[in-house]
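S.K.:
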């Protein structure tokens, strides 16, 4: 019988990919997730999740500034995840997807459809962590 561990799947898998989609401008190759045409050219301007590099750096600084205000009971590492991804734990990725993306990343997105998709994915993360579903929670 095959069992699926939802927390590693959501945290390390989907949430880390989610963050990479949003911070693609700071990646080392700058080619991740960009649309590649048959002739080998990459489309940058129309990338739906594009956030300028300077704005991403500012988001990272904002995360660092809020660290003193995070309750001690919060178990995550509240650090600049835009430039310091190394050492980020799986549960930290989930916290990023649930709290940081909707409050800091989504308002900076210029593509409304991509912003709405991010909010819906965040809602999906939140719903998947509940013990039970009702028709009301799904609507």
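Numbering (the working numbering), first residue to last: 238 to 376.
In this text, a Cβ means the ideal position worked out from N, Cα and C, and glycines have one as well.
Quick caveat: nothing in here was measured; it's all calculated off a predicted structure.
Assuming residue 358 contacts residue 255 (C-beta within less than 8 Å), just tell me the rounded distance between them.
M.R.: Correct: roughly 7 Å between the Cβ atoms.
S.K.: Helix or strand or just coil, what does DSSP make of residue 364?
M.R.: Residue state, collapsed to three classes: helix.
S.K.: What span of residues does the alpha helix (DSSP H) with residue 306 cover, start to end?
M.R.: No alpha helix (DSSP H) contains residue 306, which DSSP labels as neither H nor E.
S.K.: Do you know offhand how far residue 306's Cα is from residue 332's?
M.R.: The alpha-carbon atoms of residue 306 and residue 332 are separated by roughly 16 Å.
S.K.: Decide if the stretch 343-353 is in contact with the stretch 315-329; the criterion is three or more beta carbon pairs, one per stretch, under 8 Å apart.
M.R.: Touching, no, given that fewer than three Cβ pairs across the two stretches are closer than 8 Å.
S.K.: How many whole angstroms separate the CB atoms of residue 300 and residue 356, which I take to be in contact at a CB cut-off of 8 Å?
M.R.: 19 Å between Cβ atoms; not a contact.
S.K.: Straight-line CA distance for residue 368 to residue 326?
M.R.: Rounded to the nearest angstrom, the two C-alpha atoms are 23 Å apart.
S.K.: How is residue 325 classed by DSSP in three states: helix, strand or coil?
M.R.: Residue 325 falls in the coil class under three-state DSSP.
S.K.: Helix, strand or coil for residue 320 per DSSP?
M.R.: Residue 320: coil per DSSP, three-state reduction.
S.K.: Just curious, the alpha helix (DSSP H) that residue 253 is in, first and last residue?
M.R.: That run of the alpha helix (DSSP H) goes 253-259.
S.K.: Less than 6 Å between C-beta atoms, sequence neighbours within five positions excluded: which residues of the same chain meet that for residue 330?
M.R.: Closer than 6 Å at Cβ, skipping near neighbours: 248, 252 and 253.
S.K.: Report buried or exposed for residue 278, applying the criterion of at least 16 other Cβ atoms within 10 angstroms of its Cβ.
M.R.: Its Cβ having fewer than 16 others within 10 Å, residue 278 is exposed.
S.K.: Rounded to whole angstroms, what is the Cα-Cα separation between residue 246 and residue 364?
M.R.: In a straight line, the C-alpha of residue 246 is about 15 Å away from that of residue 364.
S.K.: Around the Cβ of residue 258, are there at least 16 other Cβ atoms within 10 angstroms (buried) or fewer (exposed)?
M.R.: Result: buried.
S.K.: So residue 296 and residue 335 are supposed to be a Cβ contact under 8 Å. How far apart are they, rounded?
M.R.: Going by Cβ atoms, the distance from residue 296 to residue 335 rounds to 16 Å, so no, they are not a contact pair.
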